[in-house]
Amino acid sequence: MPATLDMVQLQAELQALREQVVLLQQQVRRPQVALESSRPAPFLGQSLVLTGTVTDGTGQPQGGTAVVVATTWGRLRSRDRLVAQQGSSLAVTTDAEGRFSLDLLPPTSEDLLAAQQGALEPLLARLDATATTPHQTAADLREMAQLYQWDVNHAYRQALDIYFRDFGEGLLESVNRHDYLQAWDYLEATVTAYVQPPGSTTVAGLGTLMVPFRNWLGPWLEVFLSLSQTQNPLPAVLDALQKTSPLGNLQEGVYRRVSDYVGSQSGIVGAYIGRKVVEKTVQSFLLEGLDSVEDAGIKADLAPTLNMASGLLAVGGVSGLQSVVQTRRDLKQEVGSQVEASGIAVGALSDRVASMATQVTGLQTAFGTVDSRVGTLTTQLTGLQTSLGSVDSRVGTLTTQLGDVQSSLGTVSGRVTTLQTRFNQFDSRVGSLVTDLGTVQEQVAGFQGRFAQVDDQVGRLSTQFGGLQRSVEQLDASTTTRFTQIGGRIGTLEGRLTLVDNRFGTVVGRVDTLQTTVIDFDRTVANVRDSVGQVSDRIDTQAATIATLQAQDREFDGQITTLQTRSQATDGRVTALGQEVVGLRQDTVSLNNSLALTNNSLDGLQRNVSTLNTQVGRLDTRVTTVSGQVGRLSTSVTSLDTQFGDLNSQVVNLDGRFSNLNGRMVNLDGRFNTLDGQVGGLQRNLVTLNRAASSRIVGLEDSISRVGNNVLSLRTDLNQ
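Each residue of the sequence shown is one higher than the last, beginning at 55 in our numbering.
What follows is the structure in structure tokens.
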């Protein structure tokens with residue numbers, strides 16, 4: 055039993071091993087598909103060869119294997135058959151080496167001929183394949199644009215037109231501006247190749263490859279448009295036309311030049327570039343060049359002509375513009391024939407136009423007269439404005455002088471304040487001096503009392519001590535001498551005090567005089583202020599008069615502006631009359647009506663001229679009146695200048711007086727300083743005298759004490 059079980063298990067394991075071997079063999083025999091392209095990132099229009107390889111699991115090539123290749127963009131074209139097959143998916147067979155190859159073509163609406171592809175391929179090969187942006191290969195794109203303009207490059211131009219028609223959707227009709235030179239646009243194609251056993255719905259092997267095509271059409275179109283605008287001859291042509299062409303032939307000349315330029319551009323892209331250049335030129339000329347056109351008729355005729363030419367190109371293309379040009383030529387010939395047929399009417403028309411030209415000449419003469427009168431009035435108004443300016447300058451000068459007077463008054467007030475301060479200081483110093491003098495007098499009075507006491511004591515001593523007369527007489531003599539010296543010194547001090555009192559009285563008198571002068575000056579300042587107030591009132595009156603004159607001046611300006619407006623309206627009517635004359639040459643029937651309207655306009659112009667003459671006369675009268683007022687104003691201002699001159703002289707005199715007063719104050723300050731020094735010396739002398747008197751009184755008291763002691767000693771001796 056165990057042997058039987060072992061055999062069963064062994065057979066089961068062998069069967070499992072056989073199944074695994076079969077699966078491994080299937081995996082080994084399963085095909086592997088690999089794809090590669092001849093260019094990693096080709097440019098749109100370049101030929102691209104796709105190569106595929108089919109191998110087994112060990113890497114051995116699988117020859118004769120059927121492979122299905124499909125793409126999401128473009129067309130596949132076989133390479134191994136006599137009759138090439140094309141489509142979005144193709145079935146191919148590998149060769150002995152297990153390889154297959156196909157061409158991947160852009161999905162154009164029609165196949166390019168060999169000559170067209172041969173002309174396009176070399177130029178695409180010149181583009182820099184390593185350029186990360188179109189701007190890096192802009193020079194090659196510019197060369198492609200230049201070659202497109204050559205007439206001999208028919209095949210190259212046709213190839214580009216096919217690509218723009220099929221892949222340039224949105225480029226030719228774009229509304230928003232986009233810079234295509236900044237980054238590449240890509241058209242991506244995903245190619246899939248798979249091996250499918252016959253009769254099976256499963257895939258045995260699969261390979262995938264994504265191919266990005268760089269779209270160069272947008273950058274090339276941008277470079278082409280820039281190049282064409284640089285080479286654009288239309289601005290010079292338009293400038294020459296508006297300078298040399300008559301007014302009637304200007305529109306036809308513009309249409310013909312624009313049509314010739316756009317018609318000379320070959321190809322679909324060339325026609326589009328031509329329309330864009332014309333549109334850009336028209337816009338630039340309308341925004342910038344039209345301002346340089348001096349003739350108003352040419353300017354009025356050229357702007358709608360250019361707009362119409364641009365619009366016709368955008369709507370009907372070159373053929374539509376050529377049709378308009380041909381229609382205008384036919385109409386011009388028809389009108390010319392009709393004008394020639396009505397020669398008599400044209401002759402009569404010429405006579406009437408000549409008479410109208412004579413009337414217009416008369417009107418121009420009248421307008422010249424009006425212009426001269428207006429110029430005269432303008433000159434007079436300019437003189438008035440100059441006079442008003444001089445008045446303003448004089449008023450400004452007076453204002454400046456008033457400011458100077460006010461500043462001078464401020465200076466005087468400051469000086470008076472300084473003087474009062476100095477007077478206050480002087481009063482305080484005089485008070486201190488009086489106090490010191492009182493103290494000295496008190497000390498002298500004390501000295502006199504003491505001297506009286508000493509005299510009494512000496513008298514009593516002289517009566518008591520008769521025996522000591524010699525000593526006492528000597529002492530009296532010395533004491534008298536000393537007292538005489540002290541009395542002399544005190545007399546000198548009293549004389550000095552008297553001198554100080556006299557000087558103080560003089561100073562007080564000067565102060566009183568100065569106060570009187572200041573009071574007179576205040577009165578003068580008050581009078582000056584009253585005069586300034588009167589002058590200010592006069593200035594206000596003159597300012598009101600000036601404001602009235604300015605209002606009248608503004609009224610004159612308004613009337614002159616009205617006259618200029620009417621003159622411009624008259625010029626406009628004359629211009630309209632000239633346009634009506636041109637219209638009369640083209641239409642005989644409307645001539646009579648236009649002439650009647652013109653006659654009415656002339657009558658109205660004559661009435662306007664007469665009215666204008668009347669208004670000019672009134673304006674002359676007003677100007678004369680204003681001139682008289684300005685003269686009177688000038689006289690008033692002159693008198694005002696005289697008054698201000700007098701006031702200025704008074705102010706100058708007042709400044710001189712204040713200068714003298716200031717000098718006197720300086721001298722007074724010097725005297726005050728001297729007096730302060732003298733008072734200080736007197737105080738020092740008084741202190742010294744006080745000290746000497748005190749010391750002498752102490753010595754005298756000591757002497758008296760010694761005499762008393764001696765007397766006592768003598769008494770004692772006498773008693774003994």
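Cβ coordinates follow ideal geometry from the N, Cα and C atoms, glycine included.
{"Asked": "Let me check understanding here. Comparing Cα to Cα, which of Arg-211, Thr-105, Gly-735 and Gln-704 lies closest to Thr-246?", "Found": "Thr-105"}
{"Asked": "Can you give the Cα-Cα distance for Arg-153 and Ser-142, rounded to whole angstroms?", "Found": "20 Å"}
{"Asked": "Residue range of the beta strand (DSSP E) that Leu-130 falls in?", "Found": "129-132"}
{"Asked": "On the DSSP bridge assignment, give the partners of Ser-155 in chain order.", "Found": "Thr-105"}
{"Asked": "Touching or not, the stretch 82-93 and the stretch 108-123, by the rule of three or more beta carbon pairs under 8 Å?", "Found": "yes"}
{"Asked": "Would you mind giving the Cβ-Cβ distance between Ser-320 and Arg-211, rounded to the nearest angstrom? I have them listed as a contact below 8 Å.", "Found": "6 Å"}
{"Asked": "What separation, rounded to the nearest whole angstrom, lies between the Cα atoms of Val-103 and Leu-158?", "Found": "6 Å"}
{"Asked": "The beta strand (DSSP E) with Tyr-240 in it runs from where to where?", "Found": "239-249"}
{"Asked": "Could you tell me whether the Cβ atoms of Leu-178 and Leu-225 are closer together than 7 Å?", "Found": "no"}
{"Asked": "Could you name the residues of the same chain whose beta carbon sits closer than 6 Å to that of Gly-328, not counting the 5 residues immediately before and after it, in chain order?", "Found": "Val-316 and Gln-319"}
{"Asked": "In this structure, what does DSSP give as the bridge partners for Glu-197?", "Found": "DSSP output for Glu-197 lists no bridge partner at all."}
{"Asked": "Helix, strand or coil for Ala-124? Go by DSSP, reduced to three states.", "Found": "strand"}
{"Asked": "Buried or exposed: where does Asn-269 fall if 16 or more other Cβ atoms within 10 Å of its Cβ makes it buried?", "Found": "buried"}
{"Asked": "Hey, out of Arg-129, Tyr-248, Gly-253 and Thr-433, whose CA is closest to Gly-261's CA?", "Found": "Tyr-248"}
{"Asked": "Look at the alpha carbon of Ala-95 and the alpha carbon of Pro-266, and state the distance between them as a whole number of angstroms.", "Found": "5 Å"}
{"Asked": "Just the C-alpha distance for Leu-166 and Asn-207, rounded to the nearest angstrom, thanks.", "Found": "15 Å"}
{"Asked": "According to DSSP, what are the bridge partners of Ala-192?", "Found": "The partner list for Ala-192 (beta bridge, DSSP) is empty, contrary to what the question assumes."}
{"Asked": "In this structure, does DSSP put Glu-276 in helix, strand or coil?", "Found": "helix"}
{"Asked": "Under the DSSP definition of a beta bridge, which residues are partnered with Arg-268?", "Found": "Phe-97 and Tyr-240"}
{"Asked": "Taking only three categories from DSSP, how would you classify Gln-313?", "Found": "A small correction: the amino acid at residue 313 is Ser; Gln does not occupy that position in the sequence shown. The answer is helix: DSSP assigns Ser-313 an H, G or I state."}
{"Asked": "Ala-213 lies in the beta strand (DSSP E); which residues open and close that run?", "Found": "Unbroken run through Ala-213 is the alpha helix (DSSP H), 208-221; no beta strand (DSSP E)."}
{"Asked": "Find out if the Cβ-Cβ distance for the pair Ala-237, Thr-187 is shorter than 7 Å.", "Found": "yes"}
{"Asked": "Give me the Cβ distance between Leu-156 and Val-123, rounded to the nearest whole Å; I'm assuming they're in contact under 8 Å.", "Found": "6 Å"}
{"Asked": "Report the residue from Asp-149, Arg-745 and Leu-768 whose alpha carbon sits nearest the alpha carbon of Gln-114.", "Found": "Asp-149"}
{"Asked": "By alpha-carbon positions, which one of Ser-254, Pro-273 and Lys-330 ends up nearest to Thr-284?", "Found": "Lys-330"}
{"Asked": "Tell me, to the nearest whole angstrom, how far the beta carbon of Gly-272 is from that of Tyr-234; I am working on the premise that it is less than 8 Å.", "Found": "3 Å"}
{"Asked": "Under 7 Å, do Ala-120 and Arg-131 count as touching if we go by C-beta distance?", "Found": "no"}
{"Asked": "Just the C-alpha distance for Val-257 and Pro-251, rounded to the nearest angstrom, thanks.", "Found": "7 Å"}
{"Asked": "Can you pull the DSSP bridge partners for Ser-91?", "Found": "Leu-104"}
{"Asked": "Report, in whole angstroms, the separation of the C-beta atoms of Glu-164 and Ser-101, which I expect to be a contact under 8 Å.", "Found": "About 17 Å separates the two Cβ atoms, so there is no contact after all."}
{"Asked": "Quick one: using the 10 Å Cβ neighbour count with 16 as the cut-off for buried, is Val-146 buried or exposed?", "Found": "buried"}
{"Asked": "Below 8 Å on the Cβ atoms is my contact criterion, and I expect Ala-199 with Val-277 to pass it. Report the Cβ-Cβ distance as a whole number of Å.", "Found": "6 Å"}
{"Asked": "Measuring alpha carbon to alpha carbon, tell me which of Phe-218, Arg-129 and Leu-766 ends up nearest Ala-243.", "Found": "Arg-129"}
{"Asked": "Roughly how many angstroms lie between the CA atoms of Gly-172 and Lys-334, to the nearest whole one?", "Found": "35 Å"}
{"Asked": "If you follow the beta strand (DSSP E) that Leu-144 is part of, which residue opens it and which one closes it?", "Found": "143-147"}
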